[in-house]
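Everything in the sequence shown is counted per our numbering, starting at 266 for the first residue and increasing by one.
C-beta: ideal position from N, C-alpha, C; glycine also.
No experiment lies behind these values; they were computed from the predicted model shown.
Have a look at the structure below, then the notes.
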Amino acid sequence: MDEPRNTRRFDIPLHRLDVPLPHLLPFAIGTFDTIGALSRANFPHRHTFFEIVYVTGGHGAHVLDSVHRTLDPPQLCVISPGQVHHWQNAEGLAGHVVLFNEDFLLSRAQDVAALRTLSAGPGHAPGNQSGPIEALLADMEDEYRALRPGYHQLLRASLRILIVRALRTCSTGERSAVRSRATEVTADFTRLVGLPGGTRRSVESYAQELGVSPGHLQTLVRQATGLTPGGLIRRQRTLEAKRLLVGTELTVRQISALVGVEDPAYFCRFFRRETGMSPGEFRADAGGNHHDPRVESIAARPDST
Numbered sequence: 266m267d268e269p270r271n272t273r274r275f276d277i278p279l280h281r282l283d284v285p286l287p288h289l290l291p292f293a294i295g296t297f298d299t300i301g302a303l304s305r306a307n308f309p310h311r312h313t314f315f316e317i318v319y320v321t322g323g324h325g326a327h328v329l330d331s332v333h334r335t336l337d338p339p340q341l342c343v344i345s346p347g348q349v350h351h352w353q354n355a356e357g358l359a360g361h362v363v364l365f366n367e368d369f370l371l372s373r374a375q376d377v378a379a380l381r382t383l384s385a386g387p388g389h390a391p392g393n394q395s396g397p398i399e400a401l402l403a404d405m406e407d408e409y410r411a412l413r414p415g416y417h418q419l420l421r422a423s424l425r426i427l428i429v430r431a432l433r434t435c436s437t438g439e440r441s442a443v444r445s446r447a448t449e450v451t452a453d454f455t456r457l458v459g460l461p462g463g464t465r466r467s468v469e470s471y472a473q474e475l476g477v478s479p480g481h482l483q484t485l486v487r488q489a490t491g492l493t494p495g496g497l498i499r500r501q502r503t504l505e506a507k508r509l510l511v512g513t514e515l516t517v518r519q520i521s522a523l524v525g526v527e528d529p530a531y532f533c534r535f536f537r538r539e540t541g542m543s544p545g546e547f548r549a550d551a552g553g554n555h556h557d558p559r560v561e562s563i564a565a566r567p568d569s570t
């Protein structure tokens, strides 16, 4: 049973991928209808998994980490684990929804870097990739439903092709960056920083986990992004604070502690320096809190025939 809309919440709803029999794979594909109501949720939430949405119909907007993009089908949307998104005033949504965990990726480091690039914005126009992407998704959905021998391997390979075609919707500069060693290391660093508690760790601890020296980590991150590791941590801290301000009823003091700043007064100064407004002004400008608590898992079930 859903909780009342006015229930006080202390975190943004987290959806986990729960794929039932007969698949039991960390992967699902379907339509907005077959995946279920949560695939078109109109309240801010985040995932533990990746989501690729290819919108072919409908109107409204996709909101990803507080950035709005009006739907103009066909449109490709990619959501990475930890990002906060929802569909705003969306009606008649049609298209393909692909859900998968990181361990389903065929070329893990390279694919994660590509997906992070694609999820930097709330949507992409597919351009001349529209036909190939739609045909590929239709074939993947057919394989997912038919359960023919080898479908698991075919889906992993097809997902790899889908990511490459999706990446072609970005600029040449972004595609080149994804292939570099610097971007792969930076993608791993960014993923770690985005984990719960990630903004409370030191650059040195990240360098040790990634198997590089702090100086080399700084060189690689700066080469890939133009920012220092500390700069990316500050950017993630600001992003997480924005997510919590918009998506929860936590106080500024509570949010300050969660993003790794013990002094709320310093946090307010930090937030104003990064965004140009106070936490309270940002929350008010975003229209307050938006909550509709739902179940924590999202399941995709093939049509029963």
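Among the residues of its own chain, which have a CB less than 8 Å from the CB of LEU290, if the five just before and after it don't count?
Here the set comprises VAL284, PHE369, HIS417 and LEU420.
LEU460 lies in the alpha helix (DSSP H); which residues open and close that run?
Per DSSP, LEU460 belongs to no alpha helix (DSSP H) and is neither H nor E.
In terms of residue numbering, what span does the alpha helix (DSSP H) encompassing GLN340 cover?
Here GLN340 belongs to no alpha helix (DSSP H); instead the beta strand (DSSP E) covers 340-344.
What does GLN353 pair with, by DSSP beta-bridge criteria?
Its beta-bridge partners are ALA326.
What does the alpha-carbon distance come out to for the pair ILE498 and ALA411?
Straight-line Cα distance between these residues: approximately 45 Å.
Determine the contact status of PRO278 and VAL511, defining contact as a CB-CB distance below 8 Å.
Not closer than 8 Å, so no.
Euclidean distance between Cα positions of ALA422 and TYR531:
Approximately 48 Å between the Cα atoms of the pair.
Any beta carbon of chain B sitting closer than 8 Å to that of THR513?
Judged by its chain identifiers, the structure shown contains no chain B, having just a single protein chain.
Using DSSP bridges, identify the partner residues of HIS310.
As a beta-bridge residue in DSSP terms, HIS310 pairs with HIS350.
In chain order, which alpha helix (DSSP H) runs of at least 4 residues are fully inside the segment 363-449?
You should have 373-383, 395-411, 416-432 and 437-444.
Three-state secondary structure assigned by DSSP to GLU514
In the structure shown, GLU514 sits in coil (DSSP, three-state: anything other than H, G, I, E or B).
Would you mind sorting ARG444 into buried or exposed? The rule is 16 or more other CB atoms within 10 Å of its CB.
Here ARG444 scores only 48 on pLDDT, less than 50, and its place in the model is too uncertain to base an answer on.
Mark GLU474 as exposed unless 16 or more other C-beta atoms lie within 10 angstroms of its C-beta, in which case mark it buried.
Per the 10 Å Cβ criterion, exposed.
Classify ALA431: buried if its beta carbon has 16 or more other beta carbons within 10 angstroms, exposed otherwise.
Looking at its Cβ environment, which holds 16 or more other Cβ atoms inside 10 Å, ALA431 is buried.
Along the chain, where does the alpha helix (DSSP H) that runs through ILE300 open and close?
297-300 is the extent of the alpha helix (DSSP H) around ILE300.
By alpha-carbon positions, which one of GLY347, VAL320 and PRO287 ends up nearest to PHE314?
Comparing Cα positions, the closest option is GLY347.
Limits of the alpha helix (DSSP H) - the one that LEU282 falls within:
No alpha helix (DSSP H) contains LEU282, which is instead part of the beta strand (DSSP E) from 279-282.
Are there three or more Cβ pairs, one per stretch, closer than 8 Å when the segment 513-523 is compared with the segment 475-483?
Using a Cβ-Cβ distance cut-off of 8 Å, the segment 513-523 and the segment 475-483 are not in contact, since fewer than three pairs of beta carbons, one from each stretch, lie closer than that value.
Note down, in chain order, each residue of its chain lying with its Cβ closer than 6 Å to the Cβ of ILE294, except the 5 sequence neighbours on either side.
Cβ within range, chain order: VAL363, MET405, GLU406 and TYR409.
Relative to the C-alpha of GLY301, which candidate in HIS361, LEU341, ILE344 and VAL349 has its C-alpha closest?
Cα-wise, what sits closest to GLY301 is HIS361.
State the Cα-Cα distance for the pair PHE451 and LEU380, rounded to the nearest angstrom.
It should be pointed out that residue 451 corresponds to Thr in this sequence rather than to Phe. THR451 and LEU380 have their alpha carbons spaced roughly 13 Å apart.
Euclidean distance between Cα positions of LEU402 and ASN354:
C-alpha separation (whole angstroms): 26 Å.
Would you grab the beta carbon distance between GLN245 and ALA447 for me? Rounded to a whole angstrom, and I think it's under 8 Å.
Residue 245 lies beyond the range of the chain shown here (266 to 570); nothing can be said about it.
Among the residues of its own chain, which have a CB less than 6 Å from the CB of GLU449, if the five just before and after it don't count?
Beyond the five residues adjoining it in sequence on each side, GLU449 comes within less than 6 Å, by CB distance, of ALA374 and ALA378 in the same chain, given in chain order.
So, helix, strand or coil for LEU336, using DSSP?
Coil, per DSSP.
Return the residue from the list SER372, THR464, PHE365 and THR455 that minimises the CA-CA distance to ARG281.
Looking only at SER372, THR464, PHE365 and THR455, the smallest Cα-Cα distance to ARG281 is reached by PHE365.
Pick out whichever of PRO414, ASN307 and PRO338 has its Cα sitting closest to the Cα of GLY322.
It is PRO338 whose Cα lies nearest to the Cα of GLY322.
Report back the beta-carbon spacing between ALA390 and THR455 to the nearest angstrom; my notes put them in contact at under 8 Å.
Their Cβ separation, rounded to whole angstroms, is 25 Å, which puts ALA390 and THR455 out of contact at 8 Å.
In angstroms with no decimal places, state the Cα-to-Cα distance between TRP352 and GLN340.
Cα atoms of TRP352 and GLN340: separation of roughly 13 Å, rounded to the nearest angstrom.
With 16 other CB atoms within 10 Å as the buried threshold, where does GLU527 fall?
GLU527 should be labelled exposed.
Less than 8 Å between the C-beta atoms of PHE297 and LEU336, yes or no?
No, they are not a contact pair.
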